[in-house]
Each structure stands twice: as C-alpha cells, then as structure tokens.
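What follows is a short report on a single structure.
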Amino acid sequence: MQSKWKLTKVCRKPAPCGLDLGDGSERAEYVNQDYILQTLGRPHRNVNIMYTYYPKDKEWPQRISEACKDMEIHFQWDYPYDDYFPYEGGIGGNPDGEPFQQMRDIRRHGQDVTLTLTIDCSLEDEYLRQIARDLKPYGQMRLRINHECSGDWFTHNQRYSFEEIAAFFERFDKIVKEEAPNIRTVFCAGCVLDLENPDSPVQEEEAFKRAYLAADVWSVDCYLALHYGWPFDVCEKDSNSFATTPIDVFCKRLELTAKRLTKINGGVKKPLVVSEFNTDGDVTGPMNQGDSILRFVEKLKNDKAEEWFGGFTLYQFRDRGRLGLEIEDPNNKAVGIPQPLLYDYRQILKDPYFQPEVKMLEEIELPVTLRWGSAEDAEGISFVVPFADTPEFCELTFDEDVNLMIEINGRWFYKAPETKTVDLMPAFFDNPLQGSKELAITMFAPPATGQNDPEQGEDWTRNYYCTIHKLPELRLRYEPIAEI
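Under numbering that gives the first Met the number 0, the first residue of the sequence shown carries the number 0, and numbering increases by one thereafter.
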C-alpha cells in the first residue's frame with residue numbers, strides 16, 4: 000500500500016546519558032504514566048518502582064505500616080520489614096496484582112521498568128525462580144535487588160551480614176539469568192570515599208565483590224542534599240538529620256567508583272548509575288532546589304561523564320516530602336502540587352544530552368512491522384509534514400487499534416489501542432512555529448498490553464512486533480472555525 004506521506008524507517012538508540020524517573024515508594028503513591036507524560040512532555044528510559052517481599056513473615060502480605068499501625072516508630076525503617084508496597088507475585092501470587100499493573104502501564108508508554116525489590120535473603124530457590132518467571136514477559140527490564148546494602152537501615156542489612164547479602168544477590172542473579180535472561184540485575188551498594196587515594200576500595204568491597212562481578216549494572220543511591228530524618232522531625236539549621244555534598248565531591252566520588260569497580264571486574268566496564276538522586280527541598284528550600292541539579296547536569300556534560308556514567312534516576316515524580324517534582328497534596332493523595340523543580344527538570348528533559356538518538360534509515364512502504372526492544376532499542380516510522388505556520392488544529396485520527404508513542408516538535412503523545420484521535424496541539428503551546436517549517440511525525444509501537452507476546456517468535460522476551468497497515472488521517476487547520 001502506497002502512503003500519501005513518504006515513509007522512513009527510524010531506529011532509536013541510547014542517549015549520551017540515561018535519564019530515569021522514580022514513581023512511588025515508602026514516601027508516595029504511584030502516579031499513572033498518562034498524567035506524567037502530559038506533565039513532562041516526554042517518556043523516560045526507565046521508571047523505577049519499589050516493592051518488598053517477605054512472605055515468611057507473620058504480617059505478610061500486608062503493607063507493614065498498616066499491619067503495625069500502632070507500633071511506636073522513630074525512623075522510617077523501624078518496622079519488621081520495609082514499608083514498600085508488597086510484591087504480589089511469587090509462589091501462589093497474583094499475576095494481575097501489583098507491581099504488574101504498574102509495569103504494564105510503564106511499558107505501554109514506551110519506557111522500561113526498573114523494579115527495586117527488597118527481599119528476604121533466606122528464601123529458597125523456588126521463590127526466586129517464580130519471581131524471575133513472573134518478570135520474564137516484561138522485556139528488557141532491570142531488577143534492583145536489596146538496594147543500599149552497604150547501609151544499616153533496610154531489613155536485609157538488619158537480618159543478614161554483608162557477605163550473606165552478596166551471596167544472596169549472586170544466587171538470585173544466577174536464577175534470573177537461567178529463567179529470564181532478558182532481565183538485567185542491578186547491585187546497589189556503596190562508593191569510593193577516599194578521594195585522595197587512587198586505589199581506594201569501594202565501601203565493603205571485599206564482602207560485596209562477588210555481587211559486583213555477577214551484576215549487569217552497578218548502582219549507588221546518593222543525593223546532593225537529603226533530609227534523612229523525614230518525616231519524624233523538621234529540618235532546621237541546628238538539626239543533625241540532614242546531609243549535603245558539594246557537586247565536585249559528588250561527581251569525583253562517582254567517577255572513582257566507576258573506575259574502581261571496572262578494575263576489580265578485570266577491566267570490563269559495566270554501567271554505573273545513580274538509582275536515587277535529587278536535592279532535598281527540605282534542606283535548600285523549594286525555590287533553590289533545582290539550581291544544584293542544573294549545575295550537576297552541566298558538570299556531567301562538561302566532564303564527558305558518559306565515558307563512565309550510565310545515567311541517573313530522579314527520585315521521584317510525586318513525594319509527600321520535598322523529594323519530588325510534585326508534593327502530594329496532604330488533603331488528597333491523588334493530587335500533586337507542582338514544585339519549582341518541575342520546571343527546571345523539564346529543561347533537563349529537553350537537553351540533547353539526555354535525548355535518545357533517533358536515526359533515519361531507508362524509505363519504506365506500508366504495511367510495515369515495527370519492533371520494540373526497549374526504550375534504547377526500537378524501530379519505528381517517520382514522515383515529514385510541511386507546516387505553513389503554527390496551526391489552530393492538528394489531529395491524527397486512526398483506523399487501526401494500535402498502541403503508539405508519537406513525537407512531533409519535541410513533544411511526545413500516547414495513543415492507546417482503543418483511542419481513535421490524538422490531539423497534537425500541545426506540541427505547539429510552549430513551542431510555536433515561527434513561520435513555515437517541515438516537521439517529522441515519528442511513531443514507535445511498544446507492547447499494547449505492556450507485556451511481550453510468547454507467540455511472536457524465539458526472541459519474544461526481548462522484542463515485541465506490531466504491523467501498521469494504514470497511516471492516520473491528519474487534520475491540519477490554520478484558522479479558527481469561527482471567531483466571536
């Protein structure tokens with residue numbers, strides 16, 4: 000079938016530096032991806048969600064803060080197990096419960112999942128094998144197991160030694176690679192602290208070495224400023240429940256950590272990411288919160304950090320404290336209050352340093368089969384439309400029930416399978432055209448259900464395919480229908 004538009008095949012590749020987003024934790028509820036996309040204007044590489052799994056504990060499967068609501072708590076991690084939402088999968092679990100609904104939502108919107116899971120290290124292999132099978136249909140996701148394990152606050156650190164945590168990670172990693180090799184495991188621990196010694200080890204290096212060698216991705220959680228006493232005290236100048244790190248020290252620590260881990264890995268480099276990053280507005284105040292993050296981003300670019308740095312996760316979209324782009328409305332947890340940081344972060348999202356590369360390939364004709372591997376590995380289509388000026392109406396109407404992510408003029412839109420018309424006008428609200436211009440409309444097809452399809456072939460765990468037979472109709476008007 001010949002299209003009225005000249006179609007080009009496009010290929011999506013990684014950005015120079017990855018940009019991910021946290022969505023929900025012990026400090027906030029999950030926010031649906033439609034709202035986040037409309038608020039921020041583009042998808043992320045990965046979206047991190049946080050769960051816990053302690054099925055042998057007597058309180059399980061309740062969320063621990065609800066099971067122990069009368070318990071006297073003086074610190075966020077005083078509960079018997081971590082106050083994340085319970086992982087509802089596993090042996091005898093519910094594949095339609097959480098986090099699977101959230102994972103499907105994330106992937107439908109053209110993003111990959113990072114599942115952070117704090118988990119009982121005493122669990123036998125059959126528990127871990129079932130989790131790997133649970134996650135197998137979710138493509139090229141990341142599994143972050145028992146994070147921040149060089150600390151002392153999480154349940155896994157309170158019940159098990161560093162050596163036991165590392166051995167558990169290695170065992171879980173082996174099972175994941177057997178059952179679901181499409182999943183990449185993330186080991187999140189400490190960093191180099193002695194910045195003057197080029198041979199300084201990372202924290203607890205000897206105990207954790209086996210886990211670093213097994214993991215696919217290395218990670219640290221670190222903040223330029225953090226009020227770690229939240230929500231049990233108010234952060235004031237004379238309090239001792241907050242910490243800050245100068246940007247130069249912060250970046251040097253990351254660089255030395257990446258190089259040290261590469262050295263102990265026999266010279267083989269793996270991605271180093273910061274899986275939780277922000278500047279806490281409780282410390283700087285909300286008006287100044289974004290300034291240090293913008294300066295951190297500029298330093299990454301100036302230092303060409305992509306040579307050793309794999310990206311960071313902004314923690315998080317909505318927060319009950321001041322670690323979010325929005326604060327959760329205390330009167331209604333379904334409502335977010337935008338913070339000044341949100342507007343700074345939108346500028347970071349537009350920076351080419353964090354934009355996935357889209358390469359134009361050969362001209363093609365319909366029908367065409369699109370491939371979705373991941374947010375960093377996908378094949379889509381693009382066609383160029385001449386615009387005389389900023390339109391008054393710009394809409395796409397579809398006949399096919401396909402699931403698409405659509406980009407025009409730097410703005411991304413989601414089309415659910417059942418959606419017929421997508422209004423593209425928000426692409427021009429903040430970025431109007433100055434006269435005539437040709438604009439590409441680019442489309443990718445992530446999994447319609449959020450899961451890969453085992454009937455699509457041997458590579459189904461890594462790739463999802465969708466065939467487009469007909470392009471949408473474009474309604475383009477440059478004048479109001481009537482003036483009053």
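Virtual Cβ for every residue (Gly too), placed ideally from N, Cα, C.
Beta-carbon contacts of residue i that lie in its chain and below 7 Å, excluding the five residues immediately before and after
| i | result |
| --- | --- |
| L36 | P42, H108, W411 and Y413 |
| P416 | D400, V401, N402 and A447 |
| P425 | R410 |
| N330 | none |
| Q101 | Y29 and I48 |
| L473 | V384 and L395 |
| Y477 | A387, D388, P390 and E391 |
| D422 | E394 |
| F74 | F231 |
| H155 | T117, C120, N145, C148 and I164 |
| Y211 | F186, W217, L260, I263 and N264 |
Same chain only: Cβ atoms within 8 Å of residue i, ignoring 5 sequence neighbours per side
| i | result |
| --- | --- |
| Y344 | L39, G289, I292, L313 and L324 |
| F153 | W76, D81, T117, N145, H146 and E147 |
| V267 | T261 |
| D151 | Q157 |
| V282 | A224, L225, H226, C234, F241 and T243 |
| K5 | E362, F382 and V383 |
| V367 | L6, K8, I380, T466 and I467 |
| N61 | Note that residue 61 corresponds to Gln in the displayed sequence, not to Asn. Closer than 8 Å at the Cβ level, and outside the excluded window around Q61, lie P85. |
Which residues DSSP lists as bridging residue i, in chain order
| i | result |
| --- | --- |
| F84 | Y50 |
| V367 | I467 |
| R11 | V357 and A377 |
| K414 | L403 |
| S24 | A27 |
| F316 | Its beta-bridge partners do not exist; DSSP assigns none. |
| V383 | A439 |
| R141 | T113 and R183 |
| L395 | V421 and L473 |
| D485 | Lying outside 0 to 483, the shown extent of the chain, residue 485 is not represented and no answer is given. |
| P337 | E325 |
| E531 | Here the chain covers residues 0 to 483 and nothing more, so residue 531 does not appear. |
| N45 | D111 |
6 Å Cβ shell around residue i - same chain, five flanking residues per side excluded
| i | result |
| --- | --- |
| F311 | V273 and F276 |
| D215 | R183 and T184 |
| G486 | No information on residue 486 is available, as it lies outside the stretch 0 to 483 that the chain covers here. |
| M0 | Note that M0 scores 41 on pLDDT, short of 50, meaning its location in the model is unreliable and no value can be drawn from it. |
| A188 | C148, S149 and F207 |
| K12 | E356 |
| L194 | K251 |
| I450 | According to the sequence as given, residue 450 is Gln; it is not Ile. Hits under 6 Å: P136. |
| I347 | V296 |
| P471 | L395, T396 and F397 |
| Q110 | P42, H43, V46 and A374 |
Integer-rounded CB distance, given that residue j should sit under 8 Å from residue i
| i | j | result |
| --- | --- | --- |
| F382 | I440 | 6 Å |
| C393 | L475 | 6 Å |
| I407 | K8 | I407 to K8, Cβ: 18 Å. No contact. |
| F295 | C16 | Not a contact, Cβ separation roughly 11 Å. |
| I90 | V46 | That pair is no contact at about 26 Å. |
| S373 | G21 | About 19 Å; that fails the 8 Å criterion. |
| T115 | D19 | At roughly 11 Å, the Cβ-Cβ gap does not stay under 8 Å, so T115 and D19 are not in contact. |
| D133 | G88 | 4 Å |
Residue i CB to nearest heavy atom of the ligand ATP below 6 Å
| i | result |
| --- | --- |
| G40 | The ligand ATP is not among the ligands present in this structure, which contains no ligands whatsoever. |
Could you say if the segment 127-147 and the segment 69-82 meet the contact criterion of at least three C-beta pairs nearer than 8 Å? In the pairwise beta carbon analysis, the segment 127-147 is classified as not touching the segment 69-82: fewer than three pairs are separated by under 8 Å.
Which runs of the beta strand (DSSP E) spanning at least 3 residues fall entirely within the segment 179-248, listed in chain order? If one requires a minimum length of 3 residues, the beta strand (DSSP E) runs lying completely within the segment 179-248 are 183-188, 216-220, 224-226 and 241-243, in chain order.
Would you check if the segment 145-165 and the segment 177-184 touch, i.e. whether three or more CB-CB distances between them fall below 8 Å? In this structure the segment 177-184 does not lie against the segment 145-165, because fewer than three pairs of beta carbons, one per stretch, are closer than 8 Å.
Where are the beta strand (DSSP E) runs, 3 residues long or more, that stay fully inside the segment 146-183, in chain order? Taking only runs of at least 3 residues, no beta strand (DSSP E) segment lies wholly in the segment 146-183.
Which runs of the alpha helix (DSSP H) at least 4 residues long sit entirely within the segment 258-312? Give them in chain order. You should have 280-283 and 288-301.
Suppose only complete runs of 3+ residues qualify. What are the beta strand (DSSP E) ranges in the segment 93-136, listed by chain order? As far as the segment 93-136 is concerned, its whole beta strand (DSSP E) runs of at least 3 residues are 111-118.
Tell me, please, whether the segment 335-342 touches the segment 50-65 by the rule of three or more beta-carbon pairs shorter than 8 Å. Judged by Cβ distances under 8 Å, the segment 335-342 makes no contact with the segment 50-65, as fewer than three pairs qualify.
Taking contact to mean at least 3 C-beta pairs separated by less than 8 Å, is the segment 315-329 in contact with the segment 218-230? Taking 8 Å as the limit for Cβ pairs, the verdict is that the segment 218-230 does touch the segment 315-329.
Inter-stretch contact (C-beta, 8 Å, three-pair minimum) for the segment 121-130 and the segment 254-269: No contact exists between the segment 121-130 and the segment 254-269.
Where in the segment 55-83 do unbroken runs of the alpha helix (DSSP H), each at least 4 residues long, occur, reported from the N-terminal end onward? Runs of the alpha helix (DSSP H) inside the segment 55-83: 63-66.
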